[in-house]
């Protein structure tokens with residue numbers, strides 16, 4: 153079922169989006185070469201506690217994982233692209249790090265992800281790949297309007313990613329959010345315009361383009377969670393939570409001042 157929020161409920165969801173966006177920005181600014189992934193998880197946990205918010209990940213135990221997840225943030229490094237389980241690893245110069253955070257504030261969920269290079273870009277290919285996911289995300293946001301369809305969002309994502317030379321995996325993609333983290337509709341990163349559920353005011357969608365440098369095939373770590381490229385190629389992931397309104401789309405998870 154697709155959850156539709158009233159305009160008042162969308163307003164009440166804004167603090168969750170702001171918190172997620174600001175937390176990811178604060179973590180990004182704090183992370184340095186030598187930062188341990190478990191430190192990042194601890195920092196995020198303290199921020200969540202200070203806000204009296206609730207992590208959507210700690211008790212998360214879907215059928216595809218080996219749950220519960222047990223941490224508050226996903227930390228995916230280099231060839232890991234999704235659901236990276238924080239572990240004892242100190243980040244190195246040029247590591248490509250994706251942070252994915254979903255939190256409930258006052259009963260409303262927001263979900264976002266960023267990818268960046270630690271201590272400077274290791275290669276131009278990393279920068280281009282991250283920028284491709286960011287451009288794909290913005291392209292999807294531009295068509296996230298009432299009356300359009302989910303396939304329009306998916307097509308906008310795939311047009312950018314495929315146009316940049318990347319293969320697109322459709323096993324995992326975006327999704328609805330609201331009072332819970334994962335809801336209908338599924339928002340794949342590839343699709344045909346004019347297909348899928350129609351976008352309606354009050355829908356909250358987590359749109360999340362992700363790619364791997366030279367493949368669309370995944371493998372799963374022994375931890376049962378971390379998804380990596382099958383070839384060992386590096387990967388990137390960008391995500392925002394977007395509210396469908398009667399007018400322009402509203403990106404709830406942009407950091408304050410962005």
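Numbering (my numbering), first residue to last: 153 to 410.
Ideal Cβ placement from N, Cα and C applies to all residues, glycine included.
Point to revise | Sequence-distant residues of its chain with Cβ nearer than 6 Å to residue 350 (five each side left out) | key: Result list for residue 350: 301, in chain order.
Check your understanding: Which whole-angstrom value describes the C-beta separation of residue 410 and residue 404, a residue pair presumed to lie in contact below a C-beta threshold of 8 Å?
Key -> Wrong, their Cβ atoms sit about 12 Å apart, outside the cutoff.
Check your understanding: From which residue to which residue does the alpha helix (DSSP H) around residue 192 run?
Key -> 189-202
Review point. Who are the near neighbours of residue 345 in its chain, counting only those whose CB is closer than 6 Å to its CB and skipping five residues on each side?
Key: Here the set comprises 303, 304, 307.
**Study point:** Residues near residue 193 by beta carbon distance below 8 Å, same chain, minus five either side
**Key:** 223, 224, 225, 227, 238
Check your understanding: What are the boundary residues of the beta strand (DSSP E) that includes residue 231?
Key -> No beta strand (DSSP E) contains residue 231, which DSSP labels as neither H nor E.
Review point. Excluding the five sequence neighbours on either side, which residues of its own chain have a C-beta within less than 7 Å of the C-beta of residue 200, listed in chain order?
Key: 207, 224, 255
Exercise for review: Measure from the alpha carbon of residue 377 to the alpha carbon of each residue in 221, 384, 241, 247, then state which is nearest.
Suggested key: 221
Exercise for review: Please report the Cβ distance between residue 393 and residue 262, rounded to the nearest whole angstrom; I am assuming they are in contact, meaning their Cβ atoms lie under 8 Å.
Suggested key: 4 Å
Exercise for review: With DSSP collapsed to three states, give me the class of residue 327.
Suggested key: strand
Exercise for review: Starting from the Cα of residue 205, find the closest Cα among 196, 309, 180 and give me that residue.
Suggested key: 196
Review point. How is residue 153 classed by DSSP in three states: helix, strand or coil?
Key: coil
Review point. Looking only at its own chain, which residues have a Cβ that is under 7 Å from the Cβ of residue 264, when we skip the five neighbours before and after it?
Key: For residue 264, where only same-chain residues beyond five positions count, the Cβ hits under 7 Å are 172, 173, 176, 253, 391, 392, 393, 405.
Check your understanding: Nearest to residue 297 by alpha carbon, out of 322, 325, 284, 352?
Key -> 352
Check your understanding: Do residue 141 and residue 374 have their C-beta atoms closer together than 8 Å?
Key -> Because the chain here runs from 153 to 410, residue 141 falls outside it and cannot be looked at.
Point to revise | Per-residue burial, residue 335 [other beta carbons within 10 Å of its own, 16 or more giving buried] | key: buried
Point to revise | Where residue 392 sits in the DSSP three-state scheme | key: strand
Exercise for review: Give a yes or no on whether the C-beta atoms belonging to residue 365 and residue 316 are separated by under 8 Å.
Suggested key: no
Exercise for review: Rounded to whole angstroms, what's the CA-CA distance from residue 272 to residue 246? Just pull it up for me.
Suggested key: 6 Å
**Study point:** residue 359 in three-state terms, based on DSSP
**Key:** strand
Practice item. To the nearest angstrom, report how far apart residue 165 and residue 274 are at their CA atoms. Key: 37 Å
Exercise for review: Within its chain, find whatever has a CB closer than 8 Å to the CB of residue 279; leave out the 5 residues flanking it on each side and keep chain order.
Suggested key: The beta carbon of residue 279 lies closer than 8 Å to those of 269, 273 in the same chain, with the five residues before and after it left out.
Exercise for review: For residue 221, write down the residues that DSSP places opposite it in a beta bridge.
Suggested key: For residue 221, which the question treats as bridged, DSSP gives no partner whatsoever.
Review point. Does the distance from the C-beta atom of residue 260 to that of residue 168 stay below 8 Å?
Key: yes
Exercise for review: Mind listing, in chain order, the continuous beta strand (DSSP E) runs of no fewer than 3 residues lying wholly within the stretch 257-304?
Suggested key: 260-269
Check your understanding: Roughly how many whole angstroms lie between the Cα atoms of residue 402 and residue 232?
Key -> Those two C-alpha atoms are separated by around 30 Å.
Exercise for review: Compare the beta carbon distance of residue 291 and residue 320 with 8 Å and say whether it is the shorter of the two.
Suggested key: no
**Study point:** For residue 249 and residue 288, believed in contact at Cβ under 8 Å, the rounded distance
**Key:** In fact, because the Cβ distance is near 19 Å, the residues do not count as touching under 8 Å.
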